[in-house]
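Per the numbering used here, the very first residue in the sequence shown carries number 408; after that it's consecutive. One structure is given here, and the rest of the page talks about it.
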Amino acid sequence: MPPTNEKTKEDVRKFVEMVAEKQGWHLHPDKEFLDMLIEGLMTNFNRFGYFGCPCRLLEGDREKDKDLLCPCDYCKPDQEEFGHCYCGLYLTEEFFKTGKMPDGIPERRPIERW
Ligand code: SF4
408 MPPTNEKTKE
418 DVRKFVEMVA
428 EKQGWHLHPD
438 KEFLDMLIEG
448 LMTNFNRFGY
458 FGCPCRLLEG
468 DREKDKDLLC
478 PCDYCKPDQE
488 EFGHCYCGLY
498 LTEEFFKTGK
508 MPDGIPERRP
518 IERW
């Protein structure tokens, strides 16, 4: 069900900045790419009522998508293995310091949940 409290890009930017600060993470260093991820999160929130992952297909059902609520269940394991989440939104401090750009990584979500 669409929410009554629609979010703007600025709202979402504040949300991801707050999450990153609280967790000690960094956001994607490319401003345009970051903007695209923020827009995707905003679109998902305004369509479904929750911050569903911006680079995965959502069911539109909070219960079915609950592992994909950002930051998703796969964020930390992906950060531990690759230094950033699947979308590249959240980077570890260590990865950020390398100056590398997040790259494509394998999908950790079990295939039966796709
Ligand atoms: S992959 Fe990154 S952007 Fe996507 S839901 Fe997980 S933490 Fe959020």
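Note that beta-carbon positions come from the ideal geometry of N, C-alpha and C, so glycine has one too.
Secondary structure of residue i, DSSP reduced to three states
i    : result
G447 : helix
L475 : helix
L496 : coil
L464 : coil
CA-to-CA distance, residue j to residue i, given in whole angstroms
i    : j    : result
C460 : G506 : 24 Å
R515 : Y493 : 8 Å
Q430 : K483 : 10 Å
K438 : M508 : 12 Å
H436 : P513 : Before going further, note that residue 436 is Pro rather than His in the sequence given. Cα to Cα, P436 sits roughly 21 Å from P513.
For residue j and residue i, believed in contact at Cβ under 8 Å, the rounded distance
i    : j    : result
G511 : F502 : In fact, because the Cβ distance is near 15 Å, the residues do not count as touching under 8 Å.
L475 : R463 : 6 Å
L434 : L441 : 6 Å
L444 : L498 : The pair is not a contact, with the Cβ atoms about 12 Å apart (cut-off 8 Å).
E413 : N453 : 5 Å
K421 : E446 : Actually they do not touch by this definition, with Cβ atoms about 14 Å apart.
Chain C contact for residue i (CB, 8 Å cutoff)
i    : result
K504 : Looking for chain C here will not work: only one protein chain is present.
Just to be sure I understand the criterion: a residue counts if its Cβ is closer than 5 Å to at least one heavy atom of ligand 1. Which residues meet that? The filter returns C460, C477, P478, C479, C482, C492, Y493, C494, L496, in chain order.
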